[in-house]
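**Q** The numbering of the sequence shown is the numbering used here, which starts it at 323 and goes up by one. For each residue, glycine too, the CB sits at the ideal point set by N, CA and C. Attaching a single structure in structure tokens format; questions to follow.
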Amino acid sequence: MDHHDVALNLDRRTSIVTRMFIFAFCIVSLGGYRLQLAGIDPTQSFQGFSASYLLYTVDILCICWATFISFTNFDAFIRVFRTSLPLTLLPLMAIVSSTISVSPELTFFESVKYMSAFIVPATAVIVWYSGRANQLSYELLKLILLLSFLTITFFPKYGIHSSLDFTQSTHAGSWRGIFGHRTDLGYCCAVLLGLAFSKFMYKKRISDLFVLCVSTFFLYKTGSGGADIVAIFSIIMITFHFALRRESKNLKFSFGIILTSIAFFIIFTFISPDDFLSIIGEDSSFTGRVPLWSYIFERVSLNYVYGLGYIAGFDILAGPSVQLAGFTVPNAQGAYMESLIAFGFFGPILILILTIKHFIVMLNLYVNDKLPEDIKFCCFCISAITFFLILTSTVVESYLLQSNKILVGIIVILIAEISIFSGNITVTANRKTEENFHTPVGQGLLIQNGDH
């Protein structure tokens with residue numbers, strides 16, 4: 323990864339109060355406590371609308387805060403937003419799609435909500451790293467697990483999927499914590515598990531081991547197959563890189579090719595596709611996704627050139643059609659199909675480019691000999707988690723294209739942290755941090771003021 327002499331020109335420090343605001347805005351705008359704010363009881367079929375004004379007020383407050391921060395620190399915002407390309411093209415495509423949408427009003431309204439899922443975490447990164455603070459993603463995810471534990475303990479009808487749920491009763495017993503669906507909490511657990519594992523591998527701290535154990539237990543209780551894949555493969559890659567972190571580039575490539583070949587031989591020789599899918603809680607139809615996608619291709623009039631519009635394409639055309647066929651789904655259950663419906667063939671191509679880009683980022687960090695070992699290990703771990711998060715969530719989930727989803731915020735924050743820690747966005751540790759700075763995952767970083 324190339325270094326650019328760029329600094330985020332900020333002079334504020336993140337106080338405790340400021341950090342609490344950052345946590346609150348991120349959690350609420352990215353899906354936390356939305357059932358409660360909307361006045362929705364998941365066990366009741368009738369849902370009133372009067373309490374939803376509270377949710378609208380909170381959403382507007384989050385957007386206004388993020389907009390104010392982004393405009394008052396515009397250069398810093400552009401740096402963070404640009405480092406997340408091509409991911410950050412998705413909300414722009416969503417807004418543009420309102421011009422050709424089957425329902426321009428619906429598409430534009432949902433696009434603004436979707437844009438906030440990118441602006442809020444981007445501005446959170448700016449404010450957080452303007453002062454001395456621990457890693458934002460790690461601290462945020464730990465707080466989410468703590469709040470989820472409290473919700474599950476004291477308000478189980480909100481924190482746990484139940485057979486009494488009006489929707490999602492098929493997930494009865496799975497934990498969803500502060501979110502509306504188990505997969506949201508599952509991805510949080512998977513990312514936190516990967517981060518805690520990397521920190522414990524490098525520093526051997528008991529506190530990180532505790533976080534690792536708790537996040538593993540939470541991940542098991544969510545029952546999310548996609549999140550399991552992210553956690554398992556992230557741990558494998560982190561362990562592999564840790565074992566070879568001091569070896570030469572050629573040796574790393576050789577070992578990588580050999581071990582990958584052995585792994586594929588074992589998988590395809592001794593494990594059938596159905597057995598592998600059953601391990602992660604799926605089946606050969608990907609829990610009904612393959613028949614759904616086949617039906618959409620065969621029966622829904624798609625516009626492969628420029629799509630049918632963000633959200634509206636599925637809600638107005640594809641959704642009613644698949645419901646008549648017996649599919650009870652809120653979206654296309656896959657980002658590639660969702661983006662094809664919304665944006666035409668440009669959508670799937672963009673997501674494919676996004677996936678390839680972060681595979682290359684992970685590969686570059688794997689063989690990078692220019693960064694210090696501790697920083698390289700930290701950045702590689704984050705990049706591996708990010709790659710598997712994008713790869714898994716785009717194939718079997720539509721969350722990357724949904725507003726008010728924690729997945730988008732996590733990815734934006736992780737990508738920004740790779741750039742900050744590796745030096746693409748110039749940072750420096752203050753004196754106290756340097757004394758304890760073994761890896762940036764464990765200690766805070768200070769964004770430099772001024773130009774270089």
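Pull up the DSSP beta-bridge partners for Trp497, would you.
**A** Trp497 pairs with Ile482.
**Q** Would you call the segment 540–556 and the segment 505–516 touching, i.e. three or more CB-CB distances under 8 Å?
**A** Contact between the segment 540–556 and the segment 505–516 is present, because at least three Cβ pairs lie under 8 Å.
**Q** Let's test the definition: count the other Cβ atoms within 10 Å of the Cβ of Met342 and tell me whether it reaches 16, buried, or not, exposed.
**A** Exposed, since its Cβ has fewer than 16 Cβ neighbours within 10 Å.
**Q** Taking the alpha carbon of Ala738 as the point to measure from, which residue in Cys348, Gln724, Ser705, Leu352 has its own alpha carbon closest?
**A** Considering only alpha carbons, the answer is Ser705.
**Q** How many angstroms separate the CA atom of Asp550 from the CA atom of Ala512?
**A** Between Asp550 and Ala512, the C-alpha separation is close to 7 Å.
**Q** Note down the Cα distance separating Ile528 from Leu674, rounded to an integer number of angstroms.
**A** Taking the straight line joining both Cα atoms gives about 39 Å.
**Q** Check whether the segment 651–668 touches the segment 678–685, counting contact only when three or more Cβ pairs, one atom from each stretch, lie closer than 8 Å.
**A** Contact between the segment 651–668 and the segment 678–685 is absent, because fewer than three Cβ pairs lie under 8 Å.
**Q** Classify Thr410 as helix, strand or coil using the three-state DSSP reduction.
**A** Note: Thr410 maps to coil in three-state DSSP.
**Q** Determine the closest residue to Tyr628 out of Ile417, Ile349, Thr405, Ile362, with distance taken between C-alpha atoms.
**A** For the residues Ile417, Ile349, Thr405, Ile362, the minimum Cα distance to Tyr628 belongs to Ile417.
**Q** Is the beta carbon of Ser470 less than 9 Å from the beta carbon of Ile448?
**A** No, the pair does not count as a contact, with Cβ atoms beyond the cut-off.
**Q** Just to confirm before moving on: does the CB-CB distance between Tyr626 and Gly666 stay below 9 Å?
**A** Taking 9 Å as the Cβ cut-off, Tyr626 and Gly666 qualify as a contacting pair.
**Q** Whole angstroms is fine: what's the gap from Ser606's alpha carbon to Glu719's?
**A** Because the pLDDT of Ser606 is 43, which lies under 50, any placement of that residue in the model is unreliable, and the number read from its coordinates should be weighed accordingly. So the two alpha carbons sit approximately 16 Å from each other.
**Q** To which residues of the same chain is Phe710 closer than 6 Å at the C-beta, ignoring the five residues directly before and after it?
**A** Contacts found: Val552, Phe555, Ser556.
**Q** How about Ile560 and Cys703: do their beta carbons lie closer than 9 Å?
**A** Cβ distance < 9 Å, so Ile560 and Cys703 count as in contact.
**Q** Excluding the 5 residues flanking Tyr721 on each side, which residues of the same chain have their C-beta closer than 6 Å to its C-beta?
**A** Excluding sequence neighbours, Tyr721 sits near Ser715, Lys727, Leu729.
**Q** Quick one: what does DSSP say Ile602 is sitting in, helix, strand or coil?
**A** Annotation note: pLDDT 46 at Ile602 (below 50); position unreliable, no value reported.
**Q** Measuring straight from C-alpha to C-alpha, what distance separates Ala657 and Ile338?
**A** About 37 Å.
**Q** First and last residue of the alpha helix (DSSP H) that includes Lys679?
**A** Run containing Lys679: 668–689, per the alpha helix (DSSP H) assignment.
**Q** What is the DSSP secondary structure of Gly548, reduced to helix, strand or coil?
**A** Helix, per DSSP.
**Q** For the segment 342–355 and the segment 431–450, state whether three or more C-beta atom pairs, one from each stretch, are separated by less than 8 Å.
**A** Result yes; three or more Cβ-Cβ pairs closer than 8 Å.
**Q** With Thr445 and Ala388 assumed to form a contact (beta carbons below 8 Å), what rounded beta-carbon distance in angstroms separates them?
**A** About 4 Å; that satisfies the 8 Å criterion.
**Q** To the nearest angstrom, how far is it from the Cα of Tyr375 to the Cα of Gly502?
**A** Their backbone Cα atoms lie some 18 Å apart in a straight line.
**Q** Using 8 Å as the cut-off, classify the Cβ of Ser546 as near or not near the heavy atoms of the ligand GTP, replying yes or no.
**A** Although the ligand GTP was asked about, the structure shown includes no ligands whatsoever.
**Q** Identify, in the order they occur along the chain, each residue of the same chain with its Cβ nearer than 6 Å to the Cβ of Ser485, setting aside the five sequence neighbours on each side.
**A** If we look at Ser485 and ignore the five residues flanking it on each side, its Cβ neighbours are Ser491, Ala494.
**Q** Answer yes or no: do Leu411 and Ile733 have a C-beta to C-beta separation smaller than 9 Å?
**A** Not in contact: Leu411 and Ile733 (Cβ atoms no closer than 9 Å).
**Q** Assign Thr429 to one of two classes, buried (16 or more other C-beta atoms within 10 Å of its C-beta) or exposed (fewer than that).
**A** Under this definition Thr429 is a buried residue.
**Q** Nearest by alpha-carbon distance to Asp363: which of Phe488, Glu461, Gln724 is it?
**A** If we check each option's Cα against that of Asp363, Phe488 comes out closest.
**Q** Are there 16 or more other CB atoms within 10 angstroms of the CB of Tyr688, so buried, or fewer, so exposed?
**A** Label assigned to Tyr688: buried.
**Q** Let's test the definition: count the other Cβ atoms within 10 Å of the Cβ of Ser623 and tell me whether it reaches 16, buried, or not, exposed.
**A** Exposed.
**Q** Under 9 Å between the Cβ atoms of Gly545 and Trp497?
**A** In this structure, Trp497 lies closer than 9 Å to Gly545 by Cβ.
**Q** Measure from the alpha carbon of Leu676 to the alpha carbon of each residue in Ile638, Pro652, Val717, then state which is nearest.
**A** Closest by alpha carbon: Val717.
**Q** If the criterion is Cβ atoms closer than 9 Å, does the pair Ser744 and Ile697 meet it?
**A** In this structure, Ile697 lies closer than 9 Å to Ser744 by Cβ.
**Q** May I ask which residues mark the beginning and end of the alpha helix (DSSP H) holding Ala640?
**A** That residue, Ala640, is in no alpha helix (DSSP H); it is neither H nor E in DSSP.
**Q** What residue range does the alpha helix (DSSP H) around Glu427 cover?
**A** 426–450 is the span of the alpha helix (DSSP H), which, as asked, contains Glu427.
**Q** Using three-state DSSP, classify Phe477 as helix, strand or coil.
**A** Here Phe477 sits in coil by DSSP.
**Q** Helix, strand or coil, according to DSSP, for Phe488 in the structure here?
**A** Here Phe488 sits in coil by DSSP.
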